[in-house]
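>
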Ligand SMILES: Cc1cc2nc3c(=O)[nH]c(=O)nc-3n(C[C@H](O)[C@H](O)[C@H](O)COP(=O)(O)OP(=O)(O)OC[C@H]3O[C@@H](n4cnc5c(N)ncnc54)[C@H](O)[C@@H]3O)c2cc1C
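In my numbering, the protein residues as written are 1 to 324.
(1) For the alpha helix (DSSP H) holding residue 26, just list the boundary residues, first then last.
(2) Which residues in the same chain as residue 15 place their Cβ atom closer than 8 angstroms to its Cβ, once the five residues preceding and following it in sequence are excluded?
(3) In the DSSP assignment, the beta strand (DSSP E) including residue 109 goes from what residue to what residue?
(4) Where does residue 235 fall in DSSP's three states?
(5) Whole beta strand (DSSP E) runs in the region 238-267 with 3 or more residues, listed along the chain?
(6) Residue 223: which of 52, 99 and 231 sits nearest, CA to CA?
(7) Can you tell me which of the three DSSP states residue 131 falls into?
(8) Can you tell me whether residue 74 is helix, strand or coil according to DSSP?
(9) Just confirm the distance between the C-beta atoms of residue 240 and residue 133, as a whole number of angstroms; I'd bet it's less than 8 angstroms.
(10) Does the separation of the CB atoms of residue 182 and residue 172 fall below 8 angstroms?
(11) Return helix, strand or coil for residue 4, following the three-state DSSP convention.
(12) Can you look up residue 171 in the DSSP assignment and give me helix, strand or coil?
(13) To the nearest angstrom, how far is the alpha carbon of residue 294 from that of residue 192?
(14) With three or more beta-carbon pairs closer than 8 angstroms as the criterion, would you say the region 37-53 touches the region 62-78?
(15) Taking 7 angstroms as the cut-off, is the C-beta of residue 190 nearer than that to any heavy atom in ligand 1?
(16) Taking the DSSP output, what are the residues bridged to residue 179?
(17) Hey, which unbroken runs of the alpha helix (DSSP H) at 4 residues or more fall wholly within the region 260-304?
(18) I want to know whether the region 244-262 touches the region 308-323 - three or more CB-CB distances under 8 angstroms.
In structure tokens:
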């Protein structure tokens, strides 16, 4: 099924077109010229910017409401830079953001010294596809939680001040009928670690899904620290059976999980992801390098991958957290 929504744009055609082009170029998405406008294919959906007698309009189409809302937010963000607004039709002012699920924490399990597994229950079906990741919205203690809601123009308005939500990113580790598990790497003083101690029975928001997805390449090299263990676990389990390559994890031995993986993908623990990356030779032919760890390490990893001659489409280097 395709969901669609249209908006009137409060900018002249030229300014709206350049704002949209610039925004999409950031994600390396191209716009094509069509009669009376522009068209772009974005994350499995489409955006059409049209101008003519009826003024400037945008029409967004996507396979589901979550993706549709992501497109709407993208358009709104693009227009912000030019001082414009998209006035969407069919907006229910005050409704919860369409990519938000309010879920209840059913259990918190210490699965190893360094990790707690959180099981949430509720409307989580859409986290099965279109992204491995989501943001957990953790309300401050001691006050009634406030959630992102739509304003009259269809934009999510986030609670501010004392009601501000903590919103760290996590990875769907497993999903079943009405439940979703994610694994939290515990670290001293971190807000999610603290929250997890008393989380059972509490309500949190999940925003998403988003971010990367499983990889299907026949040769892979995966590198990740403790925070990337859940993503690498999912990617290894989703690889084709005949895949070849390696996966390096910077994880203490006591926290290592039993990871399903193709026999041709070698698993190893390391204390130094960047050295492991440096040592890994890129084969010719199909290949995919994927790295996720602390932000400055990810920046260095990107440089090392470029130096190996990898194209942008053959590599990912993601900062999963940043050292203060
Ligand atoms: C796409 C994506 C997916 C992710 N998936 C997961 C996941 O499945 N499991 C998971 O545990 N994490 C995951 N992370 C990382 C997680 O979002 C961050 O570690 C985040 O900071 C955790 O929030 P917090 O409330 O624990 O810490 P905060 O309260 O936000 O941070 C407190 C302090 O801890 C420091 N800090 C944050 N992370 C670490 C760390 N790993 N080691 C040491 N110090 C740290 C910060 O610098 C800060 O000083 C993911 C990140 C991204 C971008």
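We treat Cβ as the ideally placed atom computed from N, Cα and C, and that holds for glycine. The structure presented is a predicted model; accordingly, all values stated were derived computationally and were not measured.
The answer reads as follows:
(1) Counting from one through the chain shown, the residue named residue 26 turns up at place 26. Per DSSP, residue 26 belongs to the alpha helix (DSSP H) from 13-26.
(2) As a working mapping, residue 15 is identified with position 15 in the chain shown. Excluding sequence neighbours, residue 15 sits near 82 and 84.
(3) As a first step, residue 109 is located in the chain shown; it is residue number 109 there, counting from the start. It spans 100-112 - the beta strand (DSSP E) in which residue 109 sits, taken as one unbroken run.
(4) Reading the chain shown from its first residue, position 235 is the one you call residue 235. Of the three classes helix, strand and coil, the one that applies to residue 235 here is helix, per DSSP.
(5) For the region 238-267, whole beta strand (DSSP E) runs of length 3 or above, ordered along the chain, are 244-250.
(6) Start at 1 with the first residue of the chain shown, and residue 223 comes out as number 223. When each option's Cα is compared against that of residue 223, the closest is 231.
(7) As a working note, residue 131 is residue 131 in the chain shown. Looking at residue 131 - three-state DSSP - the assignment turns out to be coil, as it is neither helix nor strand.
(8) For this step, residue 74 is matched to residue 74 along the chain shown. The answer is helix: DSSP assigns residue 74 an H, G or I state.
(9) Reading the chain shown from its first residue, position 240 is the one you call residue 240. Reading the chain shown from its first residue, position 133 is the one you call residue 133. About 22 angstroms; that fails the 8 angstroms criterion.
(10) Sequence index remark: in the chain shown, residue 182 carries index 182 (1-based). Sequence index remark: in the chain shown, residue 172 carries index 172 (1-based). Yes; because the gap between Cβ atoms is below 8 angstroms, this pair is in contact.
(11) Numbered from its first residue, the chain shown carries residue 4 at position 4. Residue 4: strand per DSSP, three-state reduction.
(12) Position 171 of the chain shown, counting from 1, holds the residue named residue 171. Strand, per DSSP.
(13) What you label residue 294 is simply residue 294 of the chain shown in a count that begins at 1. What you label residue 192 is simply residue 192 of the chain shown in a count that begins at 1. Their backbone Cα atoms lie some 17 angstroms apart in a straight line.
(14) yes
(15) Start at 1 with the first residue of the chain shown, and residue 190 comes out as number 190. Yes.
(16) Against the chain shown, residue 179 aligns to sequence position 179. Beta-bridge pairing links residue 179 to 121 and 176.
(17) 273-279
(18) no
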